[in-house]
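Protein chains in written order, with my numbering: chain A, 676 to 787; chain B, 523 to 634. Note that CB positions come from ideal geometry on N, CA and C, so glycine has one too. These notes concern the structure reproduced below.
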Amino acid sequence: DVKVTQSSRYLVKRTGEKVFLECVQDMDHENMFWYRQDPGLGLRLIYFSYDVKMKEKGDIPEGYSVSREKKERFSLILESASTNQTSMYLCASSPNPNEKLFFGSGTQLSVL
Amino acid sequence: QKEVEQNSGPLSVPEGAIASLNCTYSDRGSQSFFWYRQYSGKSPELIMSIYSNGDKEDGRFTAQLNKASQYVSLLIRDSQPSDSATYLCAVRPSGGSYIPTFGRGTSLIVHP
């Protein structure tokens, strides 16, 4: 079975801190994604990547950056965390956009 | 902006009934359609994918696609309390990044 692993299930940070959310997949998938999920707003795409060192902005990239140095790892970076970035963050991977997404278990981030 | 619309619910049905979940989309050229189930506190998991007009059945689940009317639906027969979850519709657009756009989800409650 495909496994998408997110490094933390819960994370509490302070305003202004630099935050790293890590995601690793074990199925050699080309595509990886970062979403945030907020009540009433559904899943919103932050960034995605088609290949190593390649990244594309999603619908809400402001305040975030990403890094993909290796195929299996896709990191989301909050350069200076703010309270409006408190959310559930979901990482996903897929072999191609026509196929299903495999999601990690999510990281609930609270910024105080 | 390509839109995917779902009624947020909650949709409440008795155990054993048919639950009908609906989704409309704005991009007429969309090609791939997905239904994900998300239990509270968990990440989404794929239930069904459908690519051509008509019905696709898998056990108690049937996905129905009507491209002319731009809607896709999910029927759950013999609903069980364990089906209580949020159901997310995702639609892959015809152009651009080809990344699926998610609806906000419909909450389903199956009561004994």
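- Under the Cβ criterion of 7 Å, L787 (chain A) is not counted among the residues facing chain B.
- Approximately 5 Å separates the beta-carbon atoms of T782 (chain A) and Q681 (chain A); this is inside 8 Å, confirming the contact.
- Between L610 (chain B) and K775 (chain A), the gap from beta carbon to beta carbon reaches 7 Å or more.
- Check the Cα spacing between S629 (chain B) and each of B:S530, B:C545 and B:A541: the tightest is with B:S530.
- Nearest neighbour of K728 (chain A) by Cα position, chosen from A:S742, A:D676, A:L716 and A:L718, turns out to be A:S742.
- At least one beta carbon of chain B lies nearer than 7 Å to the beta carbon of F778 (chain A).
- Annotated three-state conformation of T584 (chain B) is strand, per DSSP.
- Nearest neighbour of L765 (chain A) by Cα position, chosen from A:E697, A:R689, A:Y725 and A:A756, turns out to be A:E697.
- For L718 (chain A), the nearest beta carbon of chain B is closer than 7 Å to its own beta carbon.
- S768 (chain A) counts as buried, since at least 16 other C-beta atoms from the protein chains shown sit within 10 angstroms of its C-beta.
- Going by DSSP, Y722 (chain A) is part of the beta strand (DSSP E) stretching over G717 to S724.
- With contacts defined as CB atoms closer than 7 Å, Y620 (chain B) and R614 (chain B) qualify as a contacting pair.
- Between the alpha carbons of S554 (chain B) and V786 (chain A) lies a distance of about 36 Å.
- V687 (chain A) is positioned such that its CB atom lies no closer than 7 Å to that of L753 (chain A).
- In this chain, the beta strand (DSSP E) harbouring S785 (chain A) covers T782 to V786.
- Exposed is the label assigned to P536 (chain B), since fewer than 16 other Cβ atoms lie within 10 Å of its Cβ.
- Within 10 angstroms of the beta-carbon of D605 (chain B) lie 16 or more other beta-carbons, which makes it buried.
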